[in-house]
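Student: Residue numbers (the working numbering), protein chains in the order written: chain F, 146 to 364; chain Y, 146 to 364.
Positions of the beta carbon are idealized from the N, C-alpha and C atoms, including for glycine.
My questions will all concern the structure given below.
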DNA sequence: GTCTATAACGGGATAGAC
DNA sequence: GTCTATCCCGTTATAGAC
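Structure representation (structure tokens):
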């Protein structure tokens with residue numbers, strides 16, 4: 146097995162340590178010593194700590210968002226004729242996401258923890274990255290959900306989509322609150338089960354009758 | 146208006162800065178200079194940065210958990226006769242939470258951001274705090290939800306409760322993903338609306354039919 | 001209880017040799 | 001592309017005067 150090059154070793158180590166300790170809690174020195182490279186290498190290859198984070202995020206998120214986009218293409222194509230199904234939209238949102246970090250060369254758990262942890266970092270650091278990575282897709286999801294549930298205002302659709310994001314992030318982060326059952330039978334190892342459970346919850350949440358006093362048309 | 150004492154000024158300033166920058170991203174110097182106290186004062190009054198965080202969290206979370214406990218008392222008392230209502234349980238969970246940080250002497254937005262941010266901090270830092278603050282209550286919520294929805298396994302009830310926590314945390318954090326509508330009409334200023342929306346979503350999610358192949362009795 | 005001063009250490013970034 | 005060495009600044013924590 147050929148040895149990985151410096152840049153990749155930095156990415157792998159940084160991904161893991163950022164996931165464990167957060168952005169501010171991670172020192173480049175910890176990264177470079179774990180990656181067994183020189184401190185200066187990270188500045189040579191990435192320019193700054195912040196740019197390193199951005200590249201780590203993009204490397205892992207891009208593939209799953211491509212898969213989401215492919216599924217949305219298909220759903221949108223059919224949406225011209227019949228309203229799309231909420232189940233299918235939710236599946237397009239969840240299923241690629243739980244595969245985040247899969248692959249032989251990747252510590253899936255670290256990748257997922259990092260992706261979720263991002264949402265806890267300071268706004269000015271991550272808002273541009275999140276917008277960059279997820280902005281277009283989010284708009285497409287909301288548009289499709291609006292077609293699937295025309296009785297909901299645009300604003301309420303957006304809220305519910307954000308709730309779904311909250312569910313997914315929380316699950317991905319494996320930040321279960323206070324381990325209720327010590328040997329909780331459900332961790333992310335059983336992907337299918339967790340997706341089934343999330344999907345049931347989210348689909349039914351999205352299909353709830355409007356919570357607002359009727360203000361149709363939304364926006 | 147009498148001036149606040151040193152300890153309280155530290156708590157207020159630290160709360161705000163922890164909320165903005167996270168634990169590792171906050172320096173005690175930033176705190177003490179914002180609070181206009183001496184650096185050494187924080188060690189005198191709290192002992193360490195970590196103990197300061199714990200005290201900040203407890204100061205704000207304790208009142209809302211007392212309110213939750215009171216509501217659970219009432220629901221549990223009636224649960225001997227008839228199964229409790231999911232709506233009521235969810236209300237007991239959500240309504241006190243969105244009041245987090247209310248009160249004249251408190252920057253509600255900062256308090257809520259901090260409470261949510263906690264979940265992104267390193268495990269070893271916050272897991273004891275979360276367990277301490279929320280462990281007992283979580284078990285009571287799950288037990289009541291299990292009585293309200295006996296067709297669900299214990300494990301599935303726990304998952305769904307965690308999903309509800311995810312929704313709440315995400316809303317409280319005001320970390321909406323990629324501001325879909327720039328002038329999103331819904332921020333936390335309209336508490337009643339946000340609770341109505343969360344409640345509709347969560348109640349319907351909790352009431353979804355079992356996602357697992359029937360494995361009754363759970364646990 | 002509050003201050004100054006300092007210990008003891010770690011941070012990101014960069015210049016310049018190789 | 002990779003290294004060493006260093007700049008320059010910030011970190012928590014504590015000792016000890018007042």
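1) Using a C-beta to C-beta distance shorter than 9 Å, which residues of chain F count as neighbours of residue 273 of chain Y?
2) So, are the CB atoms of residue 162 of chain F and residue 202 of chain F less than 9 Å apart?
3) Count the other CB atoms within 10 Å of the CB of residue 167 of chain Y; is the residue buried (16 or more) or exposed (fewer)?
4) Look at the alpha carbon of residue 290 of chain Y and the alpha carbon of residue 234 of chain Y, and state the distance between them as a whole number of angstroms.
5) Note down the Cα distance separating residue 270 of chain F from residue 319 of chain Y, rounded to an integer number of angstroms.
6) From the DSSP output, in three-state form, read off residue 149 of chain F for me.
7) Closest to residue 153 of chain F by CA distance: which of F/187, F/175, F/173 is it?
8) Give the secondary structure of residue 307 of chain F by DSSP, where H, G and I count as helix, E and B as strand, and everything else as coil.
9) Using a C-beta to C-beta distance shorter than 9 Å, which residues of chain F count as neighbours of residue 179 of chain Y?
10) Can you pull out the residues from the segment 340-351 of chain Y whose beta carbon lies closer than 8 Å to at least one beta carbon of chain F?
11) Whose CA, out of Y/158, Y/155, Y/170, Y/287, lies closest to the CA of residue 217 of chain Y?
12) Buried or exposed for residue 159 of chain F, please, with buried defined as at least 16 other CB atoms from any protein chain shown within 10 angstroms of its CB.
13) Which value, in whole angstroms, describes the spacing of the CA atoms of residue 247 of chain Y and residue 334 of chain Y?
14) Are the CB atoms of residue 174 of chain F and residue 228 of chain F nearer to each other than 9 Å?
15) Which residues of the segment 214-243 of chain Y have a Cβ closer than 8 Å to any Cβ of chain F? Give them in chain order.
16) When we look at the beta-carbon of residue 178 of chain F and count the other beta-carbons within 10 Å, is it buried (16 or more) or exposed?
17) From the DSSP output, in three-state form, read off residue 193 of chain F for me.
18) Going along the segment 147-170 of chain F in order, which residues come within less than 7 Å of chain Y, judged by CB to CB distance?
19) Quick check: the Cα distance between residue 252 of chain Y and residue 343 of chain Y, rounded to an integer number of angstroms?
20) Please list, in chain order, the chain Y residues whose beta carbon lies closer than 8 Å to that of residue 357 of chain F.
21) Cutting at 7 Å between CB atoms, please list the residues of its own chain near residue 241 of chain F, excluding the five before and the five after it.
22) Does residue 316 of chain F get closer than 9 Å to chain Y when you measure Cβ to Cβ?
23) Using the beta-carbon of each residue, which ones in chain Y are nearer than 9 Å to residue 185 of chain F?
24) Under three-state DSSP, which class holds residue 344 of chain F?
25) Listing by chain order, which chain F residues have their CB less than 8 Å from the CB of residue 266 of chain Y?
26) I'd like the span of the alpha helix (DSSP H) that includes residue 263 of chain Y, first residue to last.
27) Assuming the contact rule is C-beta atoms closer than 8 Å, residue 339 of chain Y and residue 312 of chain Y should be a hit. Round their C-beta distance to whole Å, please.
28) Is DSSP giving residue 206 of chain F helix, strand or coil here?
29) At a CB distance below 8 Å, what residues from the segment 281-312 of chain Y approach chain F? Give them in sequence order.
30) Do we get a CB-CB distance below 9 Å when we pair residue 257 of chain Y with the residues of chain F?
31) Pop quiz: residue 151 of chain F and residue 176 of chain F are said to be a contact at Cβ under 8 Å. What is the actual Cβ separation, rounded to whole angstroms?
32) Does the beta carbon of residue 354 of chain F sit closer than 9 Å to a beta carbon anywhere in chain Y?
33) Do residue 308 of chain F and residue 350 of chain F have their CB atoms nearer than 9 Å?
34) For residue 282 of chain F and residue 275 of chain F, I'd like the C-alpha separation in whole angstroms.
35) For residue 262 of chain F, which residues in chain Y fall below 7 Å Cβ to Cβ?
36) So, helix, strand or coil for residue 163 of chain F, using DSSP?
Tutor: Well, looking at it:
1) Counted from its first residue, the second chain places residue 273 of chain Y at position 128. By Cβ distance, chain F contributes nothing, its closest Cβ being about 10 Å from residue 273 of chain Y, past 9 Å.
2) If you number the first chain from 1, residue 162 of chain F lands on position 17. If you number the first chain from 1, residue 202 of chain F lands on position 57. No, the Cβ-Cβ distance between residue 162 of chain F and residue 202 of chain F is not below 9 Å.
3) In the second chain, the residue the question calls residue 167 of chain Y occupies position 22. Buried, because 16 or more other Cβ atoms sit within 10 Å of the Cβ of residue 167 of chain Y.
4) On the second chain, position 145 is the one that residue 290 of chain Y refers to. On the second chain, position 89 is the one that residue 234 of chain Y refers to. In a straight line, the C-alpha of residue 290 of chain Y is about 7 Å away from that of residue 234 of chain Y.
5) Mapped onto the first chain, residue 270 of chain F falls at position 125. Mapped onto the second chain, residue 319 of chain Y falls at position 174. About 15 Å.
6) Along the first chain, one-based indexing puts residue 149 of chain F at 4. Residue 149 of chain F: coil per DSSP, three-state reduction.
7) The residue labelled residue 153 of chain F in the question sits at position 8 within the first chain. The shortest Cα separation from residue 153 of chain F among F/187, F/175, F/173 belongs to F/187.
8) For the purposes of this step, residue 307 of chain F is taken as residue 162 along the first chain, with counting starting at 1. DSSP places residue 307 of chain F in helix when its eight states are reduced to three.
9) Here residue 179 of chain Y corresponds to residue number 34 of the second chain, with the count starting at 1. Residues of chain F passing the Cβ test: none, with the nearest at roughly 16 Å.
10) 341, 342, 343, 344, 345, 346, 347, 348, 349, 350, 351
11) Taking the first residue of the second chain as 1, we reach residue 217 of chain Y at position 72. Minimum Cα distance to residue 217 of chain Y is reached at Y/287.
12) Looking up residue 159 of chain F in the first chain gives position 14. The residue is buried, with at least 16 neighbouring Cβ atoms inside 10 Å.
13) Working through the second chain from its first residue, we reach residue 247 of chain Y at position 102. Working through the second chain from its first residue, we reach residue 334 of chain Y at position 189. The straight-line gap from Cα to Cα measures roughly 12 Å.
14) Start at 1 with the first residue of the first chain, and residue 174 of chain F comes out as number 29. Start at 1 with the first residue of the first chain, and residue 228 of chain F comes out as number 83. Not closer than 9 Å, so no.
15) none
16) The count along the first chain starts at 1 and reaches residue 178 of chain F at position 33. That one is exposed.
17) Here residue 193 of chain F is taken as the residue at index 48 of the first chain, counted from 1. In the structure shown, residue 193 of chain F sits in coil (DSSP, three-state: anything other than H, G, I, E or B).
18) 165, 166, 167, 169, 170
19) By one-based count along the second chain, residue 252 of chain Y stands at place 107. By one-based count along the second chain, residue 343 of chain Y stands at place 198. Whole-angstrom Cα-Cα distance: 23 Å.
20) Stepping through the first chain from its first residue, residue 357 of chain F is reached at position 212. Those are 338, 341, 342, listed as they occur along chain Y.
21) Your numbering for residue 241 of chain F matches position 96 in the first chain. Counting only Cβ-Cβ distances below 7 Å, and skipping sequence neighbours, we find 209, 212, 213.
22) Looking up residue 316 of chain F in the first chain gives position 171. Yes, residue 316 of chain F lies at the interface with chain Y (some Cβ there is under 9 Å from its Cβ).
23) Stepping through the first chain from its first residue, residue 185 of chain F is reached at position 40. Here the premise fails: no neighbours, minimum Cβ distance about 23 Å.
24) Your numbering for residue 344 of chain F matches position 199 in the first chain. Residue 344 of chain F falls in the helix class under three-state DSSP.
25) For this step, residue 266 of chain Y is matched to residue 121 along the second chain. 167, 265, listed in chain order.
26) Walking along the second chain from the start, residue 263 of chain Y turns up at place 118. Careful: residue 263 of chain Y lies outside any alpha helix (DSSP H) and carries neither H nor E.
27) Taking the second chain and counting its residues from 1, one reaches residue 339 of chain Y at position 194. Taking the second chain and counting its residues from 1, one reaches residue 312 of chain Y at position 167. The Cβ separation is near 11 Å, so there is no contact.
28) Against the first chain, residue 206 of chain F aligns to sequence position 61. Residue 206 of chain F falls in the helix class under three-state DSSP.
29) 283, 284, 287, 299, 300, 301, 303, 304, 305, 306, 307, 308, 310, 311, 312
30) Indexing the second chain from 1 puts residue 257 of chain Y at position 112. Answer no: the Cβ-Cβ gap between residue 257 of chain Y and chain F never drops below 9 Å.
31) As a working mapping, residue 151 of chain F is identified with position 6 in the first chain. As a working mapping, residue 176 of chain F is identified with position 31 in the first chain. Contact doesn't hold; Cβ gap of about 12 Å is too wide.
32) Numbered from its first residue, the first chain carries residue 354 of chain F at position 209. Yes - at least one Cβ of chain Y is within 9 Å of the one on residue 354 of chain F.
33) As a first step, residue 308 of chain F must be located in the first chain, where it is residue number 163. As a first step, residue 350 of chain F must be located in the first chain, where it is residue number 205. Result yes, Cβ atoms of residue 308 of chain F and residue 350 of chain F sit closer than 9 Å.
34) Position 137 of the first chain, counting from 1, holds the residue named residue 282 of chain F. Position 130 of the first chain, counting from 1, holds the residue named residue 275 of chain F. So the two alpha carbons sit approximately 11 Å from each other.
35) Along the first chain, read from residue 1 onward, the residue named residue 262 of chain F stands at position 117. Correct list: 265.
36) Residue mapping note: residue 163 of chain F aligns to position 18 of the first chain, counting from 1. Three-state result, residue 163 of chain F: helix.
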